[in-house]
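K.L.:
Residue numbers (the working numbering): 246 to 827.
Just so it is clear, CB atoms sit at the ideal spot from N, CA and C, and this is done for glycine as well.
Keep in mind the model is a prediction, meaning the values are calculated, not measured.
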């Protein structure tokens, strides 16, 4: 076999031709530079054992660690996955490259997802997706978008999850990766079967896709057959369901994927329950529990225990500890896990103490800082900024993001000021920020260029300081006045950035509109654009801006509020609507 050129190895992986990459591995027909893509193909085939001898002698790159983590997590080798995550974290935080940081956060997100920590996984995936936006390779965007979809669905946001899965499938199709397109289609069809609004239509789609599946893709075929059996039960086709379950049994038990085996026993139990064979259903549920774990199969176990409880109640066989186990599982799936809870469970062993965004606060004058901080603010990661500033024990004033606006980031809060930051007020703040004490004489001379005259300038200075305090909100309490001096107790580092482009904000609004299945009218879209740029609206302001009645203005704003596009501040006559701060 003639050696394939380097660029074609990457191309083979992007197109999902993993078997060809495996052939190259078996024949040792690759160079040192070509090996990472061969390794990636082997990992997607789950051939981790074949790689172990080679990787023991090799200094792994971030790229290679990432795919090894994915493979190890999929087959349940969590000790190896933890070891490689720790290694990947150390390397990525040292290099601080966007690609390496993507690999770290995406790997940790996938590990968390497999362990049913969906809220944590979603937060980590949002970070990895943020880094993928700065990378030219669309491969990484697909991985992040796909995992976003799975996390949203498992957290109950079905519409948003399916939106991301469809986006990932479209990108995979554009890359020509038939394998990923098929995998995304299988996921979408399986999820739709669980929450079906049109079972007959979903059945026909599954049957159509089953005909397209390759003969060696038993994993996808088994999963789709279970989804089809579930839909047959929903439509009352019990005999058809029995035949499909029998066919699925041969495939699923041949694959020896424990979770799918447990899922098969659950569907079989549900079949027996619906056909009046409750005792047989209980025995099937017991087998299903034996094939699942509380570590990685929490949602499936919850379904199994729920059906077991339902059957037990009907037969008068109530189990004492079943209610508590269901409650514990529900809590573990529904409650967000804090970093302290993660640490108690041993996750701190492979999460480095330094954060990749730490470098941004050390390099704020560089182009990289401007790009990254703008991206962070654009995607609403306010909490991330606050967290990073708190860790540095410093405070920042960010200017230039909005016209006549500024962003105060302290160790305790992120406070955006969307309008009213005039050149005069900004200059006054900078003067106070530069020294411990500033005299009235210095203020008048620096701001207006006049010699200080108490009778003429005291009122002017008092008015200026008052406006500055109002602008800064609670942060303005740090401005203290004495007889002849003013003092700003908290000092800030000043960051000057470029403003967000209107078209970026507009695209985010339209994307959000599609995401929530809501078609905003032109007034609402224009209002959202203004709000994203720092505008606040009262109902009367909205009515005046768009020349509509108060009732129409209230309806428009309420729709945006219900879709979580804006938030409401204040009560009664002081009610205003502004941007969602995440």
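Between which two residues does the alpha helix (DSSP H) harbouring residue 390 extend?
P.N.:
Here residue 390 refers to the residue found at position 145 when the chain shown is read from its first residue. First-last of the alpha helix (DSSP H) with residue 390: 383 to 399.
K.L.:
Does the stretch 341 to 359 come within contact of the stretch 297 to 312, defined as at least 3 CB pairs closer than 8 Å?
P.N.:
They touch, by the three-pair rule.
K.L.:
Taking all protein chains shown into account, decide if residue 655 is buried (16 or more other Cβ within 10 angstroms of its Cβ) or exposed.
P.N.:
In the chain shown, counting from the first residue as 1, residue 655 sits at position 410. Under this definition residue 655 is a buried residue.
K.L.:
Examine the Cβ distances between the stretch 723 to 741 and the stretch 665 to 682 and report whether three or more of them are shorter than 8 Å.
P.N.:
Contact between the stretch 723 to 741 and the stretch 665 to 682 is present, because at least three Cβ pairs lie under 8 Å.
K.L.:
Hey, out of 821, 789, 790 and 792, whose CA is closest to residue 803's CA?
P.N.:
Here residue 803 refers to the residue found at position 558 of the chain shown. Ranking the options by Cα distance to residue 803, first place goes to 821.
K.L.:
Using a Cβ-Cβ cutoff of less than 6 Å, which residues in the same chain neighbour residue 739 once the five nearest sequence positions on both sides are dropped?
P.N.:
For the purposes of this step, residue 739 is identified with residue 494 of the chain shown, where counting begins at 1. Here the set comprises 642.
K.L.:
Tell me which same chain residues have a C-beta within less than 7 Å of the C-beta of residue 639, skipping the five on either side of it?
P.N.:
Taking the chain shown and counting its residues from 1, the one referred to as residue 639 is at position 394. Answer for residue 639: 738, listed in chain order.
K.L.:
Give the straight-line distance between the Cα atoms of residue 195 and residue 522, rounded to the nearest whole angstrom.
P.N.:
A query on residue 195 cannot be resolved here, the shown segment of the chain reaching from 246 to 827 and no further.
K.L.:
Using 8 Å as the threshold, is the C-beta distance between residue 499 and residue 463 below it?
P.N.:
Within the chain shown, numbered from 1, the residue matching residue 499 stands at position 254. Within the chain shown, numbered from 1, the residue matching residue 463 stands at position 218. It is a contact, given that the beta carbons lie within the stated cut-off.
K.L.:
At 4 residues or longer, what runs of the alpha helix (DSSP H) sit wholly inside the stretch 292 to 349?
P.N.:
Counting only runs of 4 or more, we get 293 to 301, 307 to 320 and 323 to 340.
K.L.:
Evaluate residue 559 with the Cβ neighbour count: other Cβ atoms within 10 Å of its Cβ, from every protein chain shown; 16 or more gives buried, anything less gives exposed.
P.N.:
Taking the chain shown and counting its residues from 1, the one referred to as residue 559 is at position 314. Classification for residue 559: exposed.
K.L.:
Quick one: what does DSSP say residue 275 is sitting in, helix, strand or coil?
P.N.:
Counting from 1 along the chain shown, the entry for residue 275 is found at position 30. Residue state, collapsed to three classes: coil.
K.L.:
When you compare only the Cα positions, how much space is there between residue 547 and residue 509?
P.N.:
Against the chain shown, residue 547 aligns to sequence position 302. Against the chain shown, residue 509 aligns to sequence position 264. Cα to Cα, the separation comes out at about 15 Å.
K.L.:
Residue 779: buried (16+ other C-beta within 10 angstroms of its C-beta) or exposed?
P.N.:
Numbered from its first residue, the chain shown carries residue 779 at position 534. Under this definition residue 779 is a buried residue.
K.L.:
Three-state secondary structure (DSSP) at residue 724?
P.N.:
Your numbering for residue 724 matches position 479 in the chain shown. Reduced to three states, the DSSP call for residue 724 is strand.
K.L.:
Quick check: what's the CA-CA separation for residue 360 versus residue 392?
P.N.:
As a working note, residue 360 is residue 115 in the chain shown. As a working note, residue 392 is residue 147 in the chain shown. So the two alpha carbons sit approximately 14 Å from each other.
K.L.:
When DSSP labels each residue in this structure, what does residue 823 get in the three-state scheme?
P.N.:
Along the chain shown, one-based indexing puts residue 823 at 578. Residue state, collapsed to three classes: strand.
K.L.:
For residue 715, does the count of other Cβ atoms within 10 angstroms reach 16, so buried, or fall short, so exposed?
P.N.:
For the purposes of this step, residue 715 is taken as the residue at position 470 of the chain shown. Residue 715 should be labelled exposed.
K.L.:
Just to confirm the assignment, what range does the alpha helix (DSSP H) spanning residue 363 have?
P.N.:
Taking the first residue of the chain shown as position 1, residue 363 is located at position 118. That run of the alpha helix (DSSP H) goes 363 to 377.
K.L.:
Taking just the CA atoms, how far does residue 408 sit from residue 483?
P.N.:
Taking the first residue of the chain shown as position 1, residue 483 is located at position 238. Taking the first residue of the chain shown as position 1, residue 408 is located at position 163. Looking at the two C-alpha atoms, the distance is approximately 32 Å.
K.L.:
For residue 543 and residue 574, I'd like the C-alpha separation in whole angstroms.
P.N.:
Here residue 543 is taken as the residue at index 298 of the chain shown, counted from 1. Here residue 574 is taken as the residue at index 329 of the chain shown, counted from 1. Residue 543 and residue 574: Cα-Cα distance of roughly 7 Å.
K.L.:
What does DSSP give as the partner residue(s) for residue 644 in the beta ladder?
P.N.:
Within the chain shown, residue 644 is the residue found at index 399, counting from 1. Bridge partners of residue 644: 651 and 741.
K.L.:
Quick one: using the 10 Å Cβ neighbour count with 16 as the cut-off for buried, is residue 298 buried or exposed?
P.N.:
The count along the chain shown starts at 1 and reaches residue 298 at position 53. Residue 298 should be labelled exposed.
K.L.:
In this structure, what does DSSP give as the bridge partners for residue 782?
P.N.:
To locate residue 782, count along the chain shown from 1; it is residue 537. Answer is 822, bridged to residue 782.
K.L.:
Please classify residue 458: does DSSP put it in a helix, a strand, or coil?
P.N.:
Residue numbering aside, residue 458 sits at position 213 when the chain shown is read from its first letter. It is coil, neither helix nor strand.
K.L.:
Residue 431 lies in the alpha helix (DSSP H); which residues open and close that run?
P.N.:
For the purposes of this step, residue 431 is taken as the residue at position 186 of the chain shown. Start and end: 423 to 439.
K.L.:
Under 8 Å, do residue 516 and residue 556 count as touching if we go by C-beta distance?
P.N.:
Taking the chain shown and counting its residues from 1, the one referred to as residue 516 is at position 271. Taking the chain shown and counting its residues from 1, the one referred to as residue 556 is at position 311. No, these two residues do not count as a Cβ contact at 8 Å.
K.L.:
Tell me, please, which residues DSSP counts as bridged to residue 660.
P.N.:
Reading the chain shown from its first residue, position 415 is the one you call residue 660. Answer is 653.
K.L.:
Report buried or exposed for residue 372, applying the criterion of at least 16 other Cβ atoms within 10 angstroms of its Cβ.
P.N.:
As a first step, residue 372 must be located in the chain shown, where it is residue number 127. Buried, by the Cβ-count rule.
K.L.:
Per DSSP, residue 683 is paired with what?
P.N.:
Counting from 1 along the chain shown, the entry for residue 683 is found at position 438. Paired residue(s): 731.
K.L.:
Applying the 10 Å Cβ sphere with the 16-neighbour rule, what's the burial state of residue 318?
P.N.:
Counted from its first residue, the chain shown places residue 318 at position 73. Residue 318 is buried by the Cβ-count criterion.
K.L.:
In chain order, what residues of the same chain have a beta carbon less than 7 Å from the beta carbon of residue 233, not counting five sequence neighbours either side?
P.N.:
Outside the shown range of the chain (246 to 827) lies residue 233, about which nothing can therefore be said.
K.L.:
Name the DSSP bridge partner or partners of residue 793?
P.N.:
As a first step, residue 793 must be located in the chain shown, where it is residue number 548. DSSP, once it has assigned bridges, lists no residue as partnering residue 793.
K.L.:
Within this structure, are the beta carbons of residue 782 and residue 768 separated by less than 8 Å?
P.N.:
For the purposes of this step, residue 782 is taken as residue 537 along the chain shown, with counting starting at 1. For the purposes of this step, residue 768 is taken as residue 523 along the chain shown, with counting starting at 1. Contact: no.
K.L.:
Taking residue 430 as the reference, give the member of 775, 450 and 670 with the closest Cα.
P.N.:
Within the chain shown, residue 430 is the residue found at index 185, counting from 1. Answer by Cα proximity: 450.
K.L.:
Classify residue 811 as helix, strand or coil using the three-state DSSP reduction.
P.N.:
As a position in the chain shown, residue 811 is number 566, starting the count at 1. Note: residue 811 maps to strand in three-state DSSP.
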